[in-house]
């Protein structure tokens, strides 16, 4: 994915790729649709031993990354997940672990140890249902009362919530945002599996009804979590776009191979100019997606002030052209491309899911304009 | 354009086509860019003798059409205008004449005689500038005072206003709309030419500053003109879409011919599959545009209750695919397609103008949804 | 009825008869795209055969088929009137395409008198249900590249090979089969068409699972299937004469007078009800009645549906009047593919995250993700949109034909895979 | 300066020098697309030559050109740093493409030592301004189909024929000319490249009027133009070896280190300022700050611009690192064409009716209609996007080449028009 990787990064990528290929080849993957969890717990703990859940956690809190740039390493892992349409709570666990490490790694030492080792799964409870389903809308409320927090609201599309031990819930306190770490067995928490289009990835609705939590559940500063939430969103989008690019890459390879192998009217499909030109457009979309996903990963990793714009640029582009690329791959495959036995749909699902969760193309375009206005306003103040 | 025409209609079409070809071939047309009026007045009066300005006027008021379906005949004429990118105040004059005939052809007998004979030009002052530039927004005001009307406001994109004798102005009176016929030499009326992209068609801004008009200037019922204005809009869209289809048709023909004549790498361009498939898409857009423009003309002619939806369906489709078809014709022509000496840009301009005036694709899509809601609401009441 | 009944009289008679005899579509009616268990599928097929029989007995089956073969012998206007009256009623969806057209229309056009008298009345009574044995695993859009072979054996033929993408072969009766009878002539000159009973010892049916879990499509493996020469349609080695018309009927199914298309149904004849109503329901379910972008999408979707039906109407008029060639049907086929994909995309985008992670009981939005995944199906099945674009550019617009390396070469010498060997057509 | 200056030291020196010597772009600066009278055009060319000379005297001209030919002999990083510092300053826009690249880069790559020492310093001083004599009226994208002929006459060559789409030939000095020297060999094997002074008796320059009234492009008619053999670039009949590199330089102009691209400028090096600022100005001018559809368009336009620059950066890194072929430049060329058309469309749609009927003094919105009419220009000039798609599929992805009927055939026998005759290349 990246043009230049360090030897350590090559190792992380190589190990991850081999492990994914060996443990969940596409035949195994296809069978996971019948498993409510979508993955085997040993699969995930072994993955955690490769470092999958440690990358956003500071070394002093038990984490660490091979390059010292944990998010970029995580993007490499996510890219491999996309290439193989692999299962597992990669996004949620990392976002929750990263948030705990950044907020107070000492206070959350035990939770971090479980998450990093893969013995616990974290779920990031961020999105809400209609009519508050817009990107970044938060209607769930967190109220302090007698030294306790009382949490109420609904979250949807929570990745692997039903498999999680901990939920990181974003809620509203007055004008600001508050984040709370909620063990999934807390009274008042109801987790209901939702239906989705992926073979292995699971999503759930989380209902929170007067959930009472101790003061220690607070992650960061009460009523002032907006900046942290923005960082989580940026990191999550880096993971999501990297995974989408991986899936696009693989689908493109499959399609090129198919066009070369398949003959029609005595000629390989690959010799038809109308198809060649469409493949050229796909190549353009693919290279641009790579470029944007990489640029977003670098910007967020570096805390670039324009990182927020760049992740939305990347997401809005990929959410538009990723599904189009995959659908055109389907079209070029013909009927075989929509059968369950073929691999193509595994990547199609992954890219389509990425296009719609954590903000649609349209929502990110609107966000870009708002961010640009804020930046221009900021500049005017500086000048 | 239409699949089946009567002999009289064929005659109207044939006469109009021949007259346009003879009087304004493309070389003459190109020279019109330097004429402030955009056309010769004799050209227009001769055209009026062919019946161009009589089609929406009742026979008892000096008008008439060959088929008894004046708007459908007018659409045929407009189609020919599109095919030749012809000059002249076709849309404005017909809409104004039609409105006067419908409102009170006796009271407006003199004006109608001038318009039908081509000795006067009518301009339809409907659109307004930003911030009231949305389709159908009216901020100009008409107030009754001492038996007179006082008119104030601004209109833009008024076709051939600077060449017109009469303006039909839509204004607001309280909650409703009022229409007034305004001679262009009335004190308080200032007409300023606007710049546009057409070679021969002219648009102007009309400033109305306390324009005082006699009671007889009223067209229709004060404060209750909304239904009339809707009918005018529907008719104007029929004219506009018919003209766009004509221009699309001609550009498509030019492009097919070019591809057959031009050789590259020892083969005609027409033999390249990537280009063939794009031409096939163009054919799809073209046939669909024909189908929709025709259906809209029939529906408006017949007063079909869903005519409002249908004109907006036609306009939204043509405003999207018309310019795309033309731009793809340009691309297939290469550099020659954007030179002034080539004819292609004449059609490009006409289609692009049509796409943006009288509501953009987006505005008509929004209008469709609002009309559907109104219709479903109406149904619920019926049920 | 020696006098010809007017269209309006016919319409009135149809309206009354439908109201009295045919059940209306219930509010919980699910389109054919909905995945259902096999027993439900079979029950629905049986119900559709029953309604077909009702239509036959009522004098409304095969409106444009000749009377001598069980039809009504009426002009297209009567079929259109019936379609309008049929809106809102249950009707035999599965018995329309490819059963009525192209299968029955091909028999009507090329069958012998005996073949027509034998099969068409049964089809119109719902007793015989026909499917196409057309595509093959190795040939994709190049249907004339068929490798299923038929070799002469006395008065019979022996068929060997495989067909694929047969809709519902497991609940159908007969296959219209394109086979290769001569490998020593160029591709198009060695084909022959046969009528084959599907359920027999030599035919193994394998169902294909699609990505949404449905398995309506089948692949058939034929081993020494014996077909009498009397079940041949058209001349020996002259199957492409039949085939070109067959494909034309397939491309123009959406405006064919031989199949029912209740007004308001989609291209495949599936009942949709009023498009405006469905779209507004979608807008409300997504909670986006006040969102201008969503409102624009609804307007765009409605426009696309109207555009599709107006285009169909125009193409049909052009073809009927002789102002356009039959091949214009490819323009309609392209539109149905393109517009179908666009409509699925609009619905998916309107639903947003609800299409991806939807509550189990959300029937309006929750299914849109899967429908989006399958959005290209309408641009693949029944001849791809790529083939339609070839037909439009070459046969409608007269642009030069694509280079075909299989012309004027004995078919056995044509390369059909990179290795030069078979690409798995037979096993 | 025996020690190598660091990029950051170079940057600091450039920054200080620019501030002291070069005028900043004024608020009323108009891009090259704006139509201006000839005298203004000539004055601007003269001013650009003056600034080029300033750069040369200041030690900043030709940063990546070798020192022995008047350049600075520095690596690409220095050129990038200079581009960043150059943002906001006037710079010699017209002297970049095709003058610095591909013309000067082709001379640098294929010229003799004497040719390089003669011309490159003059180019870098702004004394020689080069244009491409490449396209011909009859050949379109097929530049190797050149018919302008060069015939040997003693030590000289005589050139006859016509070239077209030469930018500003009327205010330029030299043409790099692709000519046919052999009609008896296949197309690519009979070409030779020459250097030709533009203003001489045998060359008649005709200016082409574009639809917006601009006439920067020219067509040249060459009649017995005498060129000494010493002004030949590369071998006789070996012009396509030069030509392939020439076209590659042309396709990759947007990331070439031999031309200036001030940061924030568009693909053609035209100063745009901050894209975010321009977009927000557009949003306000259109009066649509609160319109969600317009806000979405602004976000889309910004994303496209960032996508284009990030893609350029990635392609450049892939090519430099050897992980991708040089031919990847075609991906960038395709993006610039596609994105340019999309951006023009977005701006046009934002302006709505103001782009069609605009007040005469509305400079923000009033020009957008004309820009939209010309939106395909960026997908045509400098090699069409169709050619880019061919290159991507065939040379980047290794898909089979298009059938070319002009391969392995003497060029005089190649059909270039329906009649079999010339398609008007000469007159």
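Residue numbers (the working numbering), protein chains in the order written: chain A, 1 to 383; chain B, 1 to 383; chain C, 1 to 427; chain D, 1 to 427. All C-beta atoms, glycine included, are put in the ideal place defined by N, C-alpha and C.
**Report entry** Candidates 385/D, 224/D, 262/D and 116/D, of which the one nearest residue 231/D by Cα
**Finding:** Position 231 of the fourth chain, counted from the start, is the residue given in the question as residue 231/D. Cα-wise, what sits closest to residue 231/D is 116/D.
Requested in this report: Please classify residue 336/B: does DSSP put it in a helix, a strand, or coil?
Outcome: Taking the second chain and counting its residues from 1, one reaches residue 336/B at position 336. In the structure shown, residue 336/B sits in a helix (DSSP, three-state: H, G or I).
Query raised in the report: Counting contacts by CB-CB distance shorter than 8 angstroms, is residue 277/C in contact with chain B?
Result: The sequence position of residue 277/C within the third chain is 277, counting from 1. For residue 277/C, the answer is yes, since a Cβ of chain B falls inside 8 angstroms of its Cβ.
**Report entry** Neighbourhood of residue 65/D by C-beta distance below 6 angstroms, restricted to the same chain and skipping five residues each side
**Finding:** For the purposes of this step, residue 65/D is identified with residue 65 of the fourth chain, where counting begins at 1. Once the five neighbours on either side are set aside, the close Cβ partners of residue 65/D are 71.
Query raised in the report: How big is the Cα-Cα spacing for residue 214/C and residue 196/C?
Result: The residue labelled residue 214/C in the question sits at position 214 within the third chain. The residue labelled residue 196/C in the question sits at position 196 within the third chain. One C-alpha to the other measures close to 25 angstroms.
Query raised in the report: Would you say residue 36/C reaches chain A, if we count a Cβ-Cβ gap shorter than 8 angstroms as a contact?
Result: Numbered from 1 along the third chain, position 36 holds the residue referred to as residue 36/C. No, no contact with chain A.
Query raised in the report: Would you say residue 393/C faces chain D, with C-beta separation under 8 angstroms as the test?
Result: Position 393 of the third chain, counted from the start, is the residue given in the question as residue 393/C. No, residue 393/C lies away from the interface with chain D (no Cβ there is under 8 angstroms from its Cβ).
Requested in this report: Within 10 angstroms of the Cβ of residue 39/D, are there 16 or more other Cβ atoms? Answer buried if so, exposed if not.
Outcome: Taking the fourth chain and counting its residues from 1, the one referred to as residue 39/D is at position 39. Exposed, because fewer than 16 other Cβ atoms sit within 10 Å of the Cβ of residue 39/D.
Requested in this report: Throw me the rounded Cβ distance for the residue 247/A and residue 83/A pair, which I believe falls under 8 angstroms.
Outcome: As a working mapping, residue 247/A is identified with position 247 in the first chain. As a working mapping, residue 83/A is identified with position 83 in the first chain. Their Cβ separation, rounded to whole angstroms, is 7 angstroms, which keeps residue 247/A and residue 83/A in contact under 8 angstroms.
Query - Nonlocal neighbours in the same chain, by C-beta distance under 7 angstroms from residue 138/A, ignoring five residues either side - result: Numbered from 1 along the first chain, position 138 holds the residue referred to as residue 138/A. Excluding residues within five positions, the ones whose Cβ falls inside 7 angstroms are 128, 170, 171, 172 and 177.
Requested in this report: Can you give me the Cβ contacts of residue 216/D inside the same chain, cut-off strictly under 7 angstroms, excluding the 5 residues immediately before and after it?
Outcome: Here residue 216/D corresponds to residue number 216 of the fourth chain, with the count starting at 1. These residues qualify, in order along the chain: 167 and 168.
Query raised in the report: What runs of the beta strand (DSSP E), each 3 residues or longer, lie entirely inside the region 186-257 of chain A?
Result: 189-193 and 203-214
Query raised in the report: Do you know offhand how far residue 147/C's Cα is from residue 180/C's?
Result: Here residue 147/C refers to the residue found at position 147 when the third chain is read from its first residue. Here residue 180/C refers to the residue found at position 180 when the third chain is read from its first residue. Cα-Cα distance, rounded: 6 angstroms.
Query raised in the report: Can you tell which of 345/D, 418/D and 413/D has its C-alpha closest to the C-alpha of residue 184/D?
Result: Taking the fourth chain and counting its residues from 1, the one referred to as residue 184/D is at position 184. Checking every option, the nearest Cα to that of residue 184/D belongs to 413/D.
Query - Counterpart residues of residue 177/D in DSSP-defined beta bridges - result: As a working note, residue 177/D is residue 177 in the fourth chain. In DSSP, residue 177/D forms a bridge with 133/D and 194/D.
**Report entry** Beta-bridge pairing of residue 167/B - partner residues as DSSP gives them
**Finding:** Numbered from 1 along the second chain, position 167 holds the residue referred to as residue 167/B. DSSP lists 123/B and 182/B as partners of residue 167/B.
Report task. For my contact list, residue 56/A and residue 32/A are in at a C-beta cut-off of 8 angstroms; report their separation, rounded to the angstrom. Result -> Working through the first chain from its first residue, we reach residue 56/A at position 56. Working through the first chain from its first residue, we reach residue 32/A at position 32. No, residue 56/A and residue 32/A are not in contact; Cβ-Cβ is about 26 angstroms, not under 8 angstroms.
Query - Extent of the continuous alpha helix (DSSP H) run through residue 329/D - result: Within the fourth chain, numbered from 1, the residue matching residue 329/D stands at position 329. Its alpha helix (DSSP H) spans residues 329-351.
Requested in this report: With a threshold of 16 other CB atoms inside 10 Å of the CB of residue 252/C, please say whether the residue is buried or exposed.
Outcome: As a working note, residue 252/C is residue 252 in the third chain. Residue 252/C sits buried, since 16 or more C-beta atoms from the chains shown fall within 10 Å of its C-beta.
Query raised in the report: residue 361/B and residue 316/B look like a contact to me (Cβ under 8 angstroms); what is the Cβ gap, rounded to whole Å?
Result: Within the second chain, residue 361/B is the residue found at index 361, counting from 1. Within the second chain, residue 316/B is the residue found at index 316, counting from 1. At roughly 5 angstroms, the Cβ-Cβ gap stays under 8 angstroms, so residue 361/B and residue 316/B are in contact.
Requested in this report: Give the DSSP bridge partners of residue 148/B, in chain order.
Outcome: Locating residue 148/B in the second chain gives position 148, where the first residue counts as 1. DSSP lists 145/B and 214/B as partners of residue 148/B.
Report task. Helix, strand or coil for residue 306/B, going by three-state DSSP, please let me know. Result -> In the second chain, residue 306/B corresponds to position 306, counting from 1. Coil, per DSSP.
Query raised in the report: Got a sec: is the Cβ-Cβ distance from residue 55/D to anything in chain B below 8 angstroms?
Result: Taking the first residue of the fourth chain as position 1, residue 55/D is located at position 55. So, not an interface residue.
Query raised in the report: Going by the beta-carbon positions, is the gap between residue 123/D and residue 233/D smaller than 8 angstroms?
Result: Within the fourth chain, the letter at position 123 stands for residue 123/D. Within the fourth chain, the letter at position 233 stands for residue 233/D. Not closer than 8 angstroms, so no.
Query raised in the report: Which term fits residue 200/C, buried or exposed, when burial requires 16 or more other beta carbons within 10 angstroms of its beta carbon?
Result: Here residue 200/C refers to the residue found at position 200 of the third chain. The residue in question, residue 200/C, is exposed, as its Cβ has fewer than 16 Cβ neighbours within 10 Å.
Query raised in the report: Of all the alpha helix (DSSP H) runs that stay within the bounds of the region 280-322 of chain C, which reach a length of 4 or more residues?
Result: 292-321
Query - Distance, residue 376/C Cα to residue 80/C Cα - result: Within the third chain, the letter at position 80 stands for residue 80/C. Within the third chain, the letter at position 376 stands for residue 376/C. Looking at the two C-alpha atoms, the distance is approximately 29 angstroms.
Query raised in the report: Which first and last residues belong to the beta strand (DSSP E) in which residue 222/D is found?
Result: Counting from 1 along the fourth chain, the entry for residue 222/D is found at position 222. Note, residue 222/D: beta strand (DSSP E), 217-228.
Query raised in the report: Counting only beta-carbon atoms, is residue 462/C nearer than 8 angstroms to chain A?
Result: Outside the shown range of chain C, which is 1 to 427, sits residue 462/C, and nothing can be said about it.
Query raised in the report: Which residues bound the beta strand (DSSP E) around residue 241/C?
Result: Counting from 1 along the third chain, the entry for residue 241/C is found at position 241. Note, residue 241/C: premise wrong, no beta strand (DSSP E); alpha helix (DSSP H) at 239-251.
Query raised in the report: Tell me the DSSP bridge mates of residue 160/D?
Result: As a working note, residue 160/D is residue 160 in the fourth chain. Partner(s): 149/D.
Query - As assigned by DSSP and simplified to three states, the class of residue 28/A - result: By one-based count along the first chain, residue 28/A stands at place 28. Three-state result, residue 28/A: helix.
Query raised in the report: Within 8 angstroms (strictly less), CB to CB, does residue 239/B reach chain C?
Result: Indexing the second chain from 1 puts residue 239/B at position 239. No, no contact with chain C.
Query raised in the report: Near residue 387/C, which residues of its chain fall below 6 angstroms by C-beta distance, leaving aside the five closest residues on each side in sequence?
Result: Working through the third chain from its first residue, we reach residue 387/C at position 387. Cβ neighbours of residue 387/C beyond the five flanking positions: 141.
Query raised in the report: Run through DSSP, which three-state label would residue 106/A get?
Result: In the first chain, the residue the question calls residue 106/A occupies position 106. Reduced to three states, the DSSP call for residue 106/A is coil.
Report task. For residue 155/B, write down the residues that DSSP places opposite it in a beta bridge. Result -> As a working note, residue 155/B is residue 155 in the second chain. DSSP, once it has assigned bridges, lists 206/B as partnering residue 155/B.
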